[in-house]
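*Asks:* Counting from 1202, one number per residue, gives the positions in the sequence shown under our numbering.
We put the CB at the ideal spot given by N, CA and C, even for glycine.
Owing to the predicted nature of the structure, the values given are computational and were not obtained by experimental measurement.
Here it is: the structure, laid out below.
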Amino acid sequence: MNAEYGVSKPWEQSSVHAGQRSRVNAMRWLSSINSVWLLVLMFGFAIGAAVLAALMIRRLNIDKAAPVAAAYMTALGSLFAIFTGFLINSEYGTLRETQRLVGSEVAAASQLAFNTQGLSAPQVELVIDDLDAYLRRVDESEWRVLGAGGGTEVSAFNELKQLQGRVRQVGLQPETPTLAADAMQQAVDQLAAIRRQRVAISAESLPLALFGISALAGIALIFNAMVVALRSGHKYSLIAWGIVAVVALDLAAILAIGAPFRGAFQADRVPIRDLSAELSEGRYQSWVDDPRPQRTCTSRQDATERPDDCLFIGNGESITLGVLAWLGDDSGGLGQDSLDGVNLAIDYLDGQFDQVPGELLGHRVSLAVDNEGCSAEGGLSGAKRLLAEQRLLGVVGTTCSSAALDAADVTLSDESVLLVSSSNTAPSLTDPDRHQRFYFRTAPNDVVQGAVVADYTRQILGADTAATVSDGSAYSDSLTNVFRQRFTQQGGQAAAQLSAAGGAGVVDPPGGTEMLSPSQIADQLEAAPPSAVFMALFEPTCHEVVTQIRSRPALQDLSIQTSDACQSSEFLAAAGAAGDGVLASGPDLSDIKNNTFYSQQFLPALQRSTGRAPTSVFHASAYDATNLLFGALRRAATRVPGGSLVVDRADLRAAMLDVEGYPGLSGSLTCDPGGDCSQISRIAIYKAPAWPSAEGSQAVPVYSSARSLAEVKLGE
1202 MNAEYGVSKP
1212 WEQSSVHAGQ
1222 RSRVNAMRWL
1232 SSINSVWLLV
1242 LMFGFAIGAA
1252 VLAALMIRRL
1262 NIDKAAPVAA
1272 AYMTALGSLF
1282 AIFTGFLINS
1292 EYGTLRETQR
1302 LVGSEVAAAS
1312 QLAFNTQGLS
1322 APQVELVIDD
1332 LDAYLRRVDE
1342 SEWRVLGAGG
1352 GTEVSAFNEL
1362 KQLQGRVRQV
1372 GLQPETPTLA
1382 ADAMQQAVDQ
1392 LAAIRRQRVA
1402 ISAESLPLAL
1412 FGISALAGIA
1422 LIFNAMVVAL
1432 RSGHKYSLIA
1442 WGIVAVVALD
1452 LAAILAIGAP
1462 FRGAFQADRV
1472 PIRDLSAELS
1482 EGRYQSWVDD
1492 PRPQRTCTSR
1502 QDATERPDDC
1512 LFIGNGESIT
1522 LGVLAWLGDD
1532 SGGLGQDSLD
1542 GVNLAIDYLD
1552 GQFDQVPGEL
1562 LGHRVSLAVD
1572 NEGCSAEGGL
1582 SGAKRLLAEQ
1592 RLLGVVGTTC
1602 SSAALDAADV
1612 TLSDESVLLV
1622 SSSNTAPSLT
1632 DPDRHQRFYF
1642 RTAPNDVVQG
1652 AVVADYTRQI
1662 LGADTAATVS
1672 DGSAYSDSLT
1682 NVFRQRFTQQ
1692 GGQAAAQLSA
1702 AGGAGVVDPP
1712 GGTEMLSPSQ
1722 IADQLEAAPP
1732 SAVFMALFEP
1742 TCHEVVTQIR
1752 SRPALQDLSI
1762 QTSDACQSSE
1772 FLAAAGAAGD
1782 GVLASGPDLS
1792 DIKNNTFYSQ
1802 QFLPALQRST
1812 GRAPTSVFHA
1822 SAYDATNLLF
1832 GALRRAATRV
1842 PGGSLVVDRA
1852 DLRAAMLDVE
1862 GYPGLSGSLT
1872 CDPGGDCSQI
1882 SRIAIYKAPA
1892 WPSAEGSQAV
1902 PVYSSARSLA
1912 EVKLGE
């Protein structure tokens, strides 16, 4: 020490710190040895001490001191027992405390996951993703760092920081219930506090001085025991060797329990792994029914051996999401509306609409967009092009039912690639005789829309006769057929059944049906005016037929009804005054607009990113379809240490079938084996120009009715 100031000189401090580090490292090395080698080492130490003592006793001829040695054995035995008992009790207490912290951490994490139930589905998955990532990091890397001597493990710290930020971010959202926000914040605060305690414990090490005194006491005890044994004869040697064994076992026990994060006996982190598995399987998501944890692709080797069945996404590689939509000037904005919903789902992967794409399980999501042209040929060729994309998770689409039916749905299902449509409504797509196993849709089945429109036409409007106009496409023909059947069941009379030429995707007239121009359709209706006409037509055919009908004096009072295919801002602009009063059916957006998340976050984000209002009514369904695909990957993928993902495509389909009561933006979704996810649909009828697709419109339907798919199929 410096006499004047009473402090160590720098080189003296360095020497002291180096000595301390070397002693600490020596104890950490000893306590990190596995149980077998630890026993071998301690027994070797004790036996070596006994053999050395025996040689010294014989060489120095001190075996005559046996009475004195026997007298000291009691004191030495007590001393050894006191020191080893203290260390064993202290270190075992630390081990138990560490295990208690593991239990508390799992409890806090479970509480955090449980309290996400009041959030929207994407928010739930974001919080659970971050929580799962943190727990995996604790298990895979932080435990090893703590075992090496403690300190802050950077990646685990960052994961916890991300989780804390996510909980604060979600808690500040206006749609988040206050109780849920408070409970989640409390749980994540507990996680942070527990981690600090765990890091503090890991920085501690077995006291070298106490362990050294215990070892010296053990050596002295062995020495005295050997003196007594050599003096008293071989019949007392068993007692001496028993003492040797006790010393070895006590010292081994101290070292075995002296490191909770390494060595022979450490805190069990299996509860952390089990909770992580439960989180990834979706057991804390209220809409996941009977999750299936059996996974058949779990490694890169599986993906290499079964490339047709397994999807492998390496560390740093992006996930490809396909979009098959009807795009272009002739689409009436239908496909673009769905594409907008997909883009917003990707944007929200980071929990906020900031026009910066988020990540899914640590991987970027890239879009591969193709135009299906609203035709079977376009759907077939577009699906084939998308299948050439690497790491294709699935496809959102098609826009038109005709592009999916016996086209994209078959092509993608043959390759076990999911196709989830936000706007296909043709009943035939989920008909048991034609349904493809990997096809799903979040759009309502047209058996519901057709029934609601027919009931409204017959019961509310009081129409006795109703004509229909289709364009020969799968969507149009199916919907008008459902309408006609339901209308006649209600006591109405089906009038002319007409087909419009120039229908979207229709190349040849179906079954030799005469395809009529808009003017010819107006002529036929004028010849025998019905009470109402229902037209399932796309733009621009829709507004052309409406304009022709309104130009005929005899049809001025004819009630004109269209479907969601025509319900677009393009129709309103093109039809002008002729479109006023035209009724359009489709998904009821009233409930959606009353949703705080939709009105305060989703819709403003859509307008910011596109510079316009929605072009149709399927953006919410597309948002849900995309998130269902993302959720299926979360639950079905095996996360390989290092960041890679591997998943069986059949498991992705099974994960879709686990969905029951999914709180989607478009409504509650339950996916059945037939491919329908919208089991209860609310169909609204709007009167132009107050359509939901009108810019700035706060459209209120003139009629709205919720029907279940099951009851409509039963004719109720």
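By the 10 Å Cβ neighbour count, where 16 or more other Cβ atoms means buried, how is A1418 classified, buried or exposed?
*Replies:* Along the sequence shown, read from residue 1 onward, the residue named residue 1418 stands at position 217. The residue is buried, with at least 16 neighbouring Cβ atoms inside 10 Å.
*Asks:* On the three-pair Cβ rule with 8 Å, is the region 1805-1818 touching the region 1529-1541?
*Replies:* A contact exists between the region 1805-1818 and the region 1529-1541.
*Asks:* Alpha carbon to alpha carbon, what distance is there between I1440 and L1450?
*Replies:* Position 249 of the sequence shown holds residue 1450. Position 239 of the sequence shown holds residue 1440. Roughly 15 Å separates the two Cα atoms.
*Asks:* Since I believe V1596 is in contact with L1528 (beta carbons under 8 Å), could you give me their beta-carbon distance rounded to a whole number of angstroms?
*Replies:* Within the sequence shown, residue 1528 is the residue found at index 327, counting from 1. Within the sequence shown, residue 1596 is the residue found at index 395, counting from 1. Not quite, the Cβ-Cβ distance comes to about 14 Å (not below 8 Å), so this is no contact.
*Asks:* What separation, rounded to the nearest whole angstrom, lies between the Cα atoms of G1304 and P1472?
*Replies:* Along the sequence shown, read from residue 1 onward, the residue named residue 1304 stands at position 103. Along the sequence shown, read from residue 1 onward, the residue named residue 1472 stands at position 271. Rounded to whole angstroms, G1304 to P1472 spans 7 Å at the Cα level.
*Asks:* Closest to D1566 by CA distance: which of G1542, L1594, N1572 and L1581 is it?
*Replies:* Your numbering for residue 1566 matches position 365 in the sequence shown. A small correction: the amino acid at residue 1566 is Val; Asp does not occupy that position in the sequence shown. Among G1542, L1594, N1572 and L1581, the Cα nearest to that of V1566 is on L1594.
*Asks:* Given a cut-off of 8 Å on the beta-carbon distance, is the pair L1373 and V1848 in contact?
*Replies:* As a position in the sequence shown, residue 1373 is number 172, starting the count at 1. As a position in the sequence shown, residue 1848 is number 647, starting the count at 1. No, Cβ-Cβ distance for L1373 and V1848 is not below 8 Å.
*Asks:* Determine, using beta carbons only, whether L1606 and L1630 come nearer to each other than 8 Å.
*Replies:* On the sequence shown, position 405 is the one that residue 1606 refers to. On the sequence shown, position 429 is the one that residue 1630 refers to. Yes; because the gap between Cβ atoms is below 8 Å, this pair is in contact.
*Asks:* Output yes or no for whether 8 Å exceeds the beta carbon distance between P1902 and A1889.
*Replies:* Working through the sequence shown from its first residue, we reach residue 1902 at position 701. Working through the sequence shown from its first residue, we reach residue 1889 at position 688. Against a cut-off of 8 Å, the Cβ pair of A1889 and P1902 comes out as no contact.
*Asks:* Which residues bound the beta strand (DSSP E) around R1367?
*Replies:* Start at 1 with the first residue of the sequence shown, and residue 1367 comes out as number 166. No beta strand (DSSP E) holds R1367; the alpha helix (DSSP H) holding it covers V1355 to G1372.
*Asks:* Note down, in chain order, each residue of its chain lying with its Cβ closer than 7 Å to the Cβ of D1503, except the 5 sequence neighbours on either side.
*Replies:* Taking the sequence shown and counting its residues from 1, the one referred to as residue 1503 is at position 302. Correct list, in chain order: C1511 and V1847.
*Asks:* Compare the C-alpha of Q1300 against each of P1874, R1463, V1648 and V1489 and name the closest.
*Replies:* By 1-based counting over the sequence shown, the position of residue 1300 is 99. Nearest C-alpha to Q1300: R1463.
*Asks:* Figure out for me which residue from E1590, L1336, S1500 and I1395 has the closest Cα to the Cα of L1480.
*Replies:* In the sequence shown, the residue the question calls residue 1480 occupies position 279. Checked all of E1590, L1336, S1500 and I1395; the closest Cα to L1480 is L1336.
*Asks:* Determine the closest residue to F1287 out of S1415, L1239 and T1377, with distance taken between C-alpha atoms.
*Replies:* Here residue 1287 refers to the residue found at position 86 when the sequence shown is read from its first residue. If we check each option's Cα against that of F1287, S1415 comes out closest.
*Asks:* Figure out for me which residue from V1654, S1718, A1702 and A1701 has the closest Cα to the Cα of Q1961.
*Replies:* Nothing about residue 1961 can be read from this structure; the chain reaches only from 1202 to 1917.
*Asks:* Quick one: grab the DSSP three-state call for H1564.
*Replies:* One-based indexing of the sequence shown puts residue 1564 at position 363. Here H1564 sits in strand by DSSP.
*Asks:* DSSP has L1846 in a bridge; who is on the other side?
*Replies:* Taking the first residue of the sequence shown as position 1, residue 1846 is located at position 645. Its beta-bridge partners are I1514 and R1840.
*Asks:* For S1622, which beta-bridge partners are listed by DSSP?
*Replies:* Residue mapping note: residue 1622 aligns to position 421 of the sequence shown, counting from 1. Looking at the DSSP assignment, S1622 forms a beta bridge with R1642.
*Asks:* Measuring only the C-alpha atoms, how far is P1893 from G1787?
*Replies:* Along the sequence shown, one-based indexing puts residue 1893 at 692. Along the sequence shown, one-based indexing puts residue 1787 at 586. Approximately 10 Å between the Cα atoms of the pair.
*Asks:* Determine the burial state of N1235: buried for a count of at least 16 other Cβ atoms within 10 Å of its Cβ, exposed for fewer.
*Replies:* Counted from its first residue, the sequence shown places residue 1235 at position 34. Exposed: under 16 other Cβ atoms inside 10 Å.
*Asks:* If you measure between the beta carbons of S1791 and A1737, is that distance less than 8 Å?
*Replies:* The sequence position of residue 1791 within the sequence shown is 590, counting from 1. The sequence position of residue 1737 within the sequence shown is 536, counting from 1. For S1791 and A1737, no; Cβs fall outside 8 Å.
*Asks:* Given A1247, which residues of its chain have a CB within under 8 Å of its CB, disregarding the five upstream and five downstream residues?
*Replies:* Translated into the one-based positions of the sequence shown, residue 1247 becomes position 46. Here the set comprises G1419, I1423, V1445, A1446, V1448, A1449 and L1452.
*Asks:* Helix, strand or coil: how does DSSP classify A1421 here?
*Replies:* Walking along the sequence shown from the start, residue 1421 turns up at place 220. Helix.
*Asks:* DSSP three-state label for P1375, please.
*Replies:* Locating residue 1375 in the sequence shown gives position 174, counting from the first residue. DSSP places P1375 in coil when its eight states are reduced to three.
*Asks:* Take G1843 as the anchor and find which of L1277, I1514, E1376 and N1828 has the nearest alpha-carbon.
*Replies:* Position 642 of the sequence shown holds residue 1843. Residue I1514 is the option with its Cα nearest to G1843.
*Asks:* With burial defined as no fewer than 16 other Cβ atoms inside 10 Å of the residue's Cβ, what is the status of M1257: buried or exposed?
*Replies:* Counted from its first residue, the sequence shown places residue 1257 at position 56. By the neighbour-count rule (16 or more Cβ atoms within 10 Å), M1257 is not buried but exposed.
*Asks:* Starting from I1886, follow its DSSP beta bridges and name the residues at the other end.
*Replies:* Looking up residue 1886 in the sequence shown gives position 685. Answer by DSSP bridge pairing, in chain order: S1786 and Y1904.
*Asks:* Can you tell me the Cα-Cα spacing of L1242 and A1460, whole angstroms?
*Replies:* By one-based count along the sequence shown, residue 1242 stands at place 41. By one-based count along the sequence shown, residue 1460 stands at place 259. Their backbone Cα atoms lie some 17 Å apart in a straight line.
*Asks:* Jot down the residue ranges of each uninterrupted alpha helix (DSSP H) in the region 1454-1497, minimum 4 residues, whole runs only, in chain order.
*Replies:* If we require 4 residues or more, the alpha helix (DSSP H) runs fully inside the region 1454-1497 come out as 1471-1482.
*Asks:* Just reading off the alpha helix (DSSP H) that F1772 is part of, what are its end residues?
*Replies:* To locate residue 1772, count along the sequence shown from 1; it is residue 571. That run of the alpha helix (DSSP H) goes S1770 to A1776.
*Asks:* Quick check on I1520: does DSSP put it in helix, strand or coil?
*Replies:* Counting from one through the sequence shown, the residue named residue 1520 turns up at place 319. Three-state DSSP puts I1520 in a strand.
*Asks:* If we ignore side chains and look at the alpha-carbon of each, how far apart do F1412 and F1284 end up?
*Replies:* Within the sequence shown, numbered from 1, the residue matching residue 1412 stands at position 211. Within the sequence shown, numbered from 1, the residue matching residue 1284 stands at position 83. Those two C-alpha atoms are separated by around 8 Å.
*Asks:* Measuring CB atoms only, is the region 1659-1672 touching the region 1630-1650, in the sense that at least three cross pairs come out at less than 8 Å?
*Replies:* With a cut-off of 8 Å, the region 1630-1650 and the region 1659-1672 do not count as touching, because too few Cβ pairs lie within range.
*Asks:* I want to know whether the region 1789-1804 touches the region 1858-1878 - three or more CB-CB distances under 8 Å.
*Replies:* Yes, the region 1789-1804 is in contact with the region 1858-1878.
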